[in-house]
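In terms of the working numbering, the sequence shown is numbered consecutively and its last residue is 68.
For each residue, glycine too, the CB sits at the ideal point set by N, CA and C.
Since we're looking at a predicted model, the values are computed, not measured.
This report refers to the structure that appears directly beneath it.
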Amino acid sequence: MAISKTQAILQQKCPRCREGEMFKYPSYNLLNYQKMHTNCPVCGLRYEIEPGFFWGGMYFSYALNVA
2 MAISKTQAIL
12 QQKCPRCREG
22 EMFKYPSYNL
32 LNYQKMHTNC
42 PVCGLRYEIE
52 PGFFWGGMYF
62 SYALNVA
């Protein structure tokens with residue numbers, strides 16, 4: 002039985018199959034928590050930054066600097 006999208010986000014699972022782990026280490030491992038797999042270990046989905054990711058970061062950073 003597939004888990005819901007909300008559960009997949011909270012458990013850091015693959016967005017396509019919702020079974021594979023996205024990160025190599027658990028989130029409480031403070032030295033390596035940000036290291037991701039290149040592909041999903043279950044379905045093979047390639048993880049990549051969405052188009053426009055840096056545009057959103059630029060606007061957020063600008064808002065912080067203005068404030």
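Backbone secondary structure at M37 - three-state DSSP:
Here M37 sits in strand by DSSP.
What did DSSP end up calling K25 once you bin it into helix, strand or coil?
Annotated three-state conformation of K25 is coil, per DSSP.
Endpoints, the alpha helix (DSSP H) within which V67 is located:
Where V67 is concerned, the enclosing alpha helix (DSSP H) stretches over F54 to V67.
What is the rounded straight-line gap between the Cα of L65 and the Cα of G53?
The alpha-carbon of L65 is positioned some 19 angstroms away from that of G53.
Given a cut-off of 8 angstroms, decide if Q8 and S28 are closer than it, judged by their beta-carbon atoms.
In this structure, S28 keeps its C-beta atom at 8 angstroms or more from the C-beta atom of Q8.
Ends of the alpha helix (DSSP H) at A9?
K6 to L11 is the extent of the alpha helix (DSSP H) around A9.
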